[in-house]
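This report refers to the structure that appears directly beneath it.
Protein chains: 2
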Amino acid sequence: MKQVDTDDITSLILEVFRLNGALTAAGDRLVGDLGLSSARWQVMGAVALAPAPLTVPGIARDMGLTRQSVRRVVRELVSEGILALEPNRAHRRSHLVVLTRRGARLYSEASARQRPWAAALAQDVPARSLVLATNLVRTLRERLEEST
Amino acid sequence: MKQVDTDDITSLILEVFRLNGALTAAGDRLVGDLGLSSARWQVMGAVALAPAPLTVPGIARDMGLTRQSVRRVVRELVSEGILALEPNRAHRRSHLVVLTRRGARLYSEASARQRPWAAALAQDVPARSLVLATNLVRTLRERLEEST
DNA sequence: TAGCAAATGACAGCATGCTGTCAATTCGTA
DNA sequence: TACGAATTGACAGCATGCTGTCATTTGCTA
Numbered sequence: 645m646k647q648v649d650t651d652d653i654t655s656l657i658l659e660v661f662r663l664n665g666a667l668t669a670a671g672d673r674l675v676g677d678l679g680l681s682s683a684r685w686q687v688m689g690a691v692a693l694a695p696a697p698l699t700v701p702g703i704a705r706d707m708g709l710t711r712q713s714v715r716r717v718v719r720e721l722v723s724e725g726i727l728a729l730e731p732n733r734a735h736r737r738s739h740l741v742v743l744t745r746r747g748a749r750l751y752s753e754a755s756a757r758q759r760p761w762a763a764a765l766a767q768d769v770p771a772r773s774l775v776l777a778t779n780l781v782r783t784l785r786e787r788l789e790e791s792t
Numbered sequence: 645m646k647q648v649d650t651d652d653i654t655s656l657i658l659e660v661f662r663l664n665g666a667l668t669a670a671g672d673r674l675v676g677d678l679g680l681s682s683a684r685w686q687v688m689g690a691v692a693l694a695p696a697p698l699t700v701p702g703i704a705r706d707m708g709l710t711r712q713s714v715r716r717v718v719r720e721l722v723s724e725g726i727l728a729l730e731p732n733r734a735h736r737r738s739h740l741v742v743l744t745r746r747g748a749r750l751y752s753e754a755s756a757r758q759r760p761w762a763a764a765l766a767q768d769v770p771a772r773s774l775v776l777a778t779n780l781v782r783t784l785r786e787r788l789e790e791s792t
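Residue numbers (our numbering), protein chains in the order written: chain Y, 645 to 792; chain D, 645 to 792.
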C-alpha cells in the first residue's frame, strides 16, 4: 500500500535529514575525545586527501559549504595547532591550509576508528546498493546546485 | 576503477552531508517569502500530518531531533500565530501543538509549491530507485540510532 | 499507595552553517 | 596595460541544532 501523506521523493528527503543528524552525532561521539567533531574531521579530511594543498575557499568548494563556515573551523584548528597556514605563491592573502604533525596524527587516529565503524554500519549491505544510492543522492544534489 | 581514498559507504556519507545542505538551502528559498524556512516547514509538516495532535517532545521524536530544538521553533511559530498550544488532557504541562488557520493556509501554500518542485527534482528517476535508496538510508539511520 | 524513575518545560550556553558588508587582491578582457 | 568583475579575508549577526541543569509532572512498581 502506498503512503498517502508523502510521495517517494519526499520520503527520501525526510530520511536524508534524519540520517544527516544521526551521522553527525555518531561522528561527534567517535572522535569527541580527540578534541575533534564531525565538522572538524571533515575539514581535516578535505585537507588530508587533496592532491595538492587547498585554500579555505577551496576546501569550502570541495565540501559544498560556504567559505565563511570553513574559515571559522580552520581558524580554530590553526589556533589549536592541528592545521597550519602556509604562504601561497598563487595568492598573497589566501594561504594554503595543511595538517601539522599533530593534526596528521589525530587524523590517522580518527581514520583508524572510522574504518571498523564504517564496516559495521554497512555490514550486509551489498556494495552495489551503496553505489546506486550514492549515485542517486549525487544526482539530486547536482540538480539542486544547478538551480541555484 | 575504484576510488582509493574513500570506500563506498564513506562516499555515500559525504554525499548525504552535501545533499542535506542543498535540500535545506532549496527549502529555505522555496518558502522564504512566506516567512518560513526548512526547519519551520518541517515542524509544521509533523503537526499537519500527525493522525492526532502532538506535543513538543512528540514532534521531536517524529523528526529525530531533540525536544529543545523543536521547542524553540514551536515557540517562535506560536508567537507569530502560525501554531497554537491547546490543553492536553493527558499532561498538565505538555500542551498539544496545532496549526492555526493562518498556519494551515501557509502550509497549504508551501505544499502547493513543493509538489512541482519535488516532481522536477525526481524527474526521470524510477520510483523503484527512490524507494531502494530510501530503504537503505533508513536502515543506516536505524543502525546508528540503535547504537546510541 | 508511596516512592522513585522517566518525561517535560524552561533557561543558559555552545557548535555549525548561513547571509551581508567592505576592503584588498586577482584575473579576464578590451 | 588598464579597467571592471570575481575572489578572498575579515567582521558582524542570525538560524538551527545540541548539551547541561533544575523544578514539575507522570507513570511504573514494590
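Virtual Cβ for every residue (Gly too), placed ideally from N, Cα, C. Since the structure is predicted, the reported quantities are computational estimates derived from the model, not experimental observations.
Within the 8 Å Cβ cut-off, does residue i reach chain Y?
i	result
D/Ile657	yes
D/Ile672	Rather than Ile, the amino acid found at residue 672 of chain D in this sequence is Asp. No, its Cβ sits nowhere closer than 8 Å to a Cβ of chain Y.
D/Val742	no
D/Ser773	yes
D/Thr778	yes
D/Gly708	yes
D/Val781	yes
D/Val718	no
D/Leu765	yes
D/Val605	Because chain D in this structure spans residues 645 to 792, residue 605 of chain D falls outside the shown range and cannot be described.
D/Val700	no
D/Ala704	no
D/Ala762	yes
D/Val660	yes
How would you label residue i, buried or exposed, when you count the other beta carbons within 10 angstroms and need 16 or more for buried?
i	result
D/Val775	exposed
D/Thr778	buried
D/Ala860	No information on residue 860 of chain D is available, as it lies outside the stretch 645 to 792 that chain D covers here.
D/Thr710	exposed
Y/Ala771	exposed
Y/Asp652	buried
D/Gln758	buried
D/Thr792	exposed
Y/Ser655	buried
D/Leu693	exposed
Y/Gly679	exposed
Would you say residue i faces chain D, with C-beta separation under 8 Å as the test?
i	result
Y/Asp652	yes
Y/Asn664	yes
Y/Arg711	no
Y/Leu667	yes
Y/Arg785	yes
Y/Leu721	no
Y/Glu790	no
Y/Ala754	no
Y/Val675	no
With H, G and I counted as helix, E and B as strand and the rest as coil, what does DSSP make of residue i?
i	result
Y/Asn664	helix
D/Thr792	coil
Y/Ala766	coil
D/Asp652	helix
Please report the Cβ distance between residue i and residue j, rounded to the nearest whole angstrom; I am assuming they are in contact, meaning their Cβ atoms lie under 8 Å.
i	j	result
Y/Leu750	Y/Val741	Actually they do not touch by this definition, with Cβ atoms about 15 Å apart.
D/Leu721	D/Val687	7 Å
Y/Leu658	Y/Thr650	7 Å
Y/Leu663	D/Arg705	Not a contact, Cβ separation roughly 16 Å.
Y/Thr744	Y/Ile726	6 Å
Y/Leu788	D/Ala666	4 Å
Practice problem: Pick out the complete alpha helix (DSSP H) segments inside the segment 676-759 of chain Y, 4 residues or longer, and give them in chain order. | Solution: 682-693, 700-707 and 711-723
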